[in-house]
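Numbering of the sequence shown is given in the numbering used here, commencing with residue 49 and proceeding in unit increments.
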Amino acid sequence: MNTEYRYKLDNSSKKFICPECNKKRFVRFIDAEKDEYLPEEFGRCDRENKCGYHLDPYKSGYSKMIWEQEQGFETKVEVKKPIFRAKPQQQKEITFIPINELKNTLRDYEKNIFIQNLLHKIAFPFKAKEIERIIELYRLGTYAKNGAVCFPFIDLNQNVRAVQEKIFDATNHTDKTKKYHTSWLHSRLKYSQYKNKPLPNWLQAYLNNDTKVSCLFGEHLLTKYPQNPVALVEAPKTAIYGTLYFGFPEQATNFIWLSTFNLSSFSFEKCKVLKGRDVYLFPDASENGTAFKDWSSRATEIESKLSGTNFIVSDLLEKYATDVDKKQGNDLADYLIKQDWRKYRPQPEPEEIEIPTSEKSENNEAKNKPFFSENEVEVLGSNKNKKNNDDKIRNRIRECRNRIRQYEIQVCELTNEIKALEKKFKQNAECCKVEWFRPKWYGKQYQNKLNEIQYWTS
Ligand SMILES: [Zn+2]
Numbered sequence: 049m050n051t052e053y054r055y056k057l058d059n060s061s062k063k064f065i066c067p068e069c070n071k072k073r074f075v076r077f078i079d080a081e082k083d084e085y086l087p088e089e090f091g092r093c094d095r096e097n098k099c100g101y102h103l104d105p106y107k108s109g110y111s112k113m114i115w116e117q118e119q120g121f122e123t124k125v126e127v128k129k130p131i132f133r134a135k136p137q138q139q140k141e142i143t144f145i146p147i148n149e150l151k152n153t154l155r156d157y158e159k160n161i162f163i164q165n166l167l168h169k170i171a172f173p174f175k176a177k178e179i180e181r182i183i184e185l186y187r188l189g190t191y192a193k194n195g196a197v198c199f200p201f202i203d204l205n206q207n208v209r210a211v212q213e214k215i216f217d218a219t220n221h222t223d224k225t226k227k228y229h230t231s232w233l234h235s236r237l238k239y240s241q242y243k244n245k246p247l248p249n250w251l252q253a254y255l256n257n258d259t260k261v262s263c264l265f266g267e268h269l270l271t272k273y274p275q276n277p278v279a280l281v282e283a284p285k286t287a288i289y290g291t292l293y294f295g296f297p298e299q300a301t302n303f304i305w306l307s308t309f310n311l312s313s314f315s316f317e318k319c320k321v322l323k324g325r326d327v328y329l330f331p332d333a334s335e336n337g338t339a340f341k342d343w344s345s346r347a348t349e350i351e352s353k354l355s356g357t358n359f360i361v362s363d364l365l366e367k368y369a370t371d372v373d374k375k376q377g378n379d380l381a382d383y384l385i386k387q388d389w390r391k392y393r394p395q396p397e398p399e400e401i402e403i404p405t406s407e408k409s410e411n412n413e414a415k416n417k418p419f420f421s422e423n424e425v426e427v428l429g430s431n432k433n434k435k436n437n438d439d440k441i442r443n444r445i446r447e448c449r450n451r452i453r454q455y456e457i458q459v460c461e462l463t464n465e466i467k468a469l470e471k472k473f474k475q476n477a478e479c480c481k482v483e484w485f486r487p488k489w490y491g492k493q494y495q496n497k498l499n500e501i502q503y504w505t506s
């Protein structure tokens, strides 16, 4: 039996003009029996991601028609000639929001309802310094006309992917009496600022993005704090509250609080950036625990695809939320805001050991920075006859000294981490209804240590 297909793609290197994109990248089908090309519309464009034209003689009914004709049937099969356009596999290039548009929002905080509530209206207001820090950390902004707070979604590479604008009421819940309580910067520009006017090129392109919210809120902090565990919640507001209550990520044991934007946008695509981290998930309360179940099953799936990443889904709200809370879909923020944040951060953050570089630089900077100055290199290289040899030695010295510096930084960072952990343990021991106060996220790795403390203190 002949298992060869009669019609196949030409495997020579000859390319034709693609009927779809007009580029000379088109591979035509050959009739192996007759050793000739099929009509020119049958073939595949090899710009798979950008064009994707593909017309197959089998799927289109062409082969059947030919066969029937050859059997002498009076065929009435009409050859459908649909264009089989492979779905582009790679996403289109994403257009970002220009940084200037973000900068335009970084002002008018006195008109920002959300921020003003945190400073003056909530039961346990925060200090101005803390609010300044949170604004700077997450680049929170204001749309002054309606008092909305702007939550920018900035990706790992500092690109602005979307800016959510939300109007809150006096209790920092979405103000549903306002018509546009939840909007987006791009929509506002389109329907208000550029209404009946030509849109700027970037906005035109941006509106064609397949997904607008294509990264996590707070994602830009991951590069700055490479060691911290991550807490993932649904809404940006909850991420802000989480940071304010549990502490800022400058301390390596503190969470980086990130938000997915909503329940359904917790996806593998967005979670790729979390590879290698410990990630604690706090889904909102929901009727019958649907949110908890949904995130748990997604977490298992995502975890299996992201090696070295641990997802721990917190059942805190599942356990303690009342039926009313669940019906309202309350989240962590709703519980936190009723309590005094001082309870969560009773002691000042531990003083840090000075890192032994003059500029306390980021790791990368230290790695790249040569240890000798240009002048020093000049002096060292003055004997030109030995220049090559000297170069090698100098490079080697430079390399070694840079590595020493790296290790010194690591030692300091670890020492700081140990200090912070010890403080937390001591504090827990002092309370020493230890189990009561042990936060869920301490997990098994600290269990032994806690048992030990309990033993010695009880
Ligand atoms: Zn093409």
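Beta carbons are placed, not taken as given, at the ideal position from N, Cα and C, and that holds for glycine.
Specify the secondary structure class of residue i as computed by DSSP and reduced to three states.
i: Gln117; result: helix
i: Glu68; result: coil
i: Glu422; result: For Glu422, the predicted structure reports a pLDDT of 46, less than 50, and the residue's modelled location is therefore unreliable. The matter cannot be settled from this model.
i: Leu311; result: helix
i: Asn450; result: helix
i: Ser570; result: In the structure as shown, the chain starts at 49 and stops at 506, and residue 570 therefore has no counterpart that could be examined.
i: Thr222; result: strand
i: Gln252; result: helix
i: Phe265; result: strand
i: Thr271; result: helix
i: Ser334; result: coil
i: Asp156; result: coil
i: Tyr293; result: helix
i: Ser345; result: helix
i: Lys108; result: The residue asked about is misnamed: residue 108 is Ser in this sequence, not Lys. The answer is coil: DSSP assigns Ser108 none of H, G, I, E or B.
i: Asp382; result: helix
i: Gln475; result: helix
i: Thr301; result: coil
Keeping to the same chain, check which residues put their C-beta closer than 6 Å to that of residue i; ignore five residues upstream and five downstream.
i: Pro331; result: Ala339, Phe340, Trp343
i: Arg187; result: Pro200
i: Val208; result: Phe144, Ile145, Leu150, Pro200, Ile202
i: Leu280; result: Leu306, Val327, Leu329
i: Ala210; result: Phe201, Lys260, Val261
i: Ile350; result: Phe316, Cys319
i: Lys509; result: Residue coverage of the chain in this structure runs from 49 to 506, which leaves residue 509 outside it and unanswerable.
i: Ile161; result: Gly195, Phe216
i: Lys62; result: none
Take residue i and list the residues in its own chain whose beta-carbon comes closer than 8 Å to its own, dropping the five residues that flank it on each side.
i: Ala300; result: Tyr273, Gln275, Asn276, Glu461, Asn464, Glu465, Ala468
i: Leu57; result: Val75, Arg76, Phe77, Ile78, Gly91, Arg92
i: Ile163; result: Tyr157, Ile179, Ile183, Leu188, Thr190, Val197
i: Phe64; result: Lys72, Phe74, Val75, Arg76, Glu88, Gly91
i: Asp379; result: Val281, Glu282, Ala283, Thr286, Phe330, Asp332, Ala333, Leu365
i: Arg95; result: Cys66, Cys69, Lys71, Arg73
i: Asn310; result: Glu282, Ala283
Among all the DSSP beta bridges, which residues are the ones paired with residue i?
i: His102; result: Arg92
i: Asp189; result: According to the sequence shown, residue 189 is Gly rather than Asp. In DSSP, Gly189 forms a bridge with Cys198.
i: Leu280; result: Leu306, Leu329
i: Val459; result: DSSP, once it has assigned bridges, lists no residue as partnering Val459.
i: Arg73; result: Beta-bridge pairing links Arg73 to no other residue.
i: Asn358; result: Asp326
i: Asp439; result: Note: Asp439 sits in no beta bridge, so no partner.
i: Val208; result: Ile145, Ile202
i: Phe172; result: In DSSP, Phe172 forms no bridge with anything.
i: Lys243; result: Per DSSP, none; premise fails for Lys243.
i: Ile78; result: Lys56, Tyr85
i: Lys214; result: Val197, Thr230
List the whole-angstrom C-beta distance separating residue i from residue j, where the pair is believed to meet the contact cut-off of C-beta under 8 Å.
i: Asn257; j: Ile147; result: Between Ile147 and Asn257 the Cβ distance is about 17 Å, and since that is not below 8 Å, they are no contact.
i: Gln206; j: His268; result: 6 Å
i: Gly195; j: Lys159; result: 5 Å
i: Leu354; j: Ser307; result: Leu354 to Ser307, Cβ: 19 Å. No contact.
i: Ile304; j: Val278; result: 5 Å
i: Tyr55; j: Leu86; result: 6 Å
In chain order, what residues of the same chain lie with their CB nearer than 7 Å to the CB of residue i, ignoring the 5 residues before and after it?
i: Asn302; result: Asn276, Phe294, Gly295, Phe296
i: Ala347; result: Leu329, Phe359, Val361
i: Cys66; result: Arg73, Phe74, Cys93, Cys99, Tyr101
i: Asp223; result: Ile215, Phe216, Asp217, His229
i: Gly356; result: Lys323, Gly324
i: Gln270; result: For clarity, residue 270 is Leu in the given sequence; the question names Gln instead. Cβ neighbours of Leu270 beyond the five flanking positions: Leu204, Ile304, Val321.
i: Glu52; result: Ala80
At the 8 Å Cβ level, is residue i part of the contact set with chain D, yes or no?
i: Asp373; result: Absent from the structure: chain D. Only one protein chain is present.
Legend entry - Sufficient close CB pairs (3 or more, under 8 Å) joining the region 284-291 to the region 316-323: Contact annotation: the region 284-291 does not touch the region 316-323, with fewer than three C-beta pairs closer than 8 Å.
Legend entry - Three CB pairs or more closer than 8 Å across the region 167-181 and the region 380-394: The region 167-181, when compared against the region 380-394, does touch it at the 8 Å Cβ threshold.
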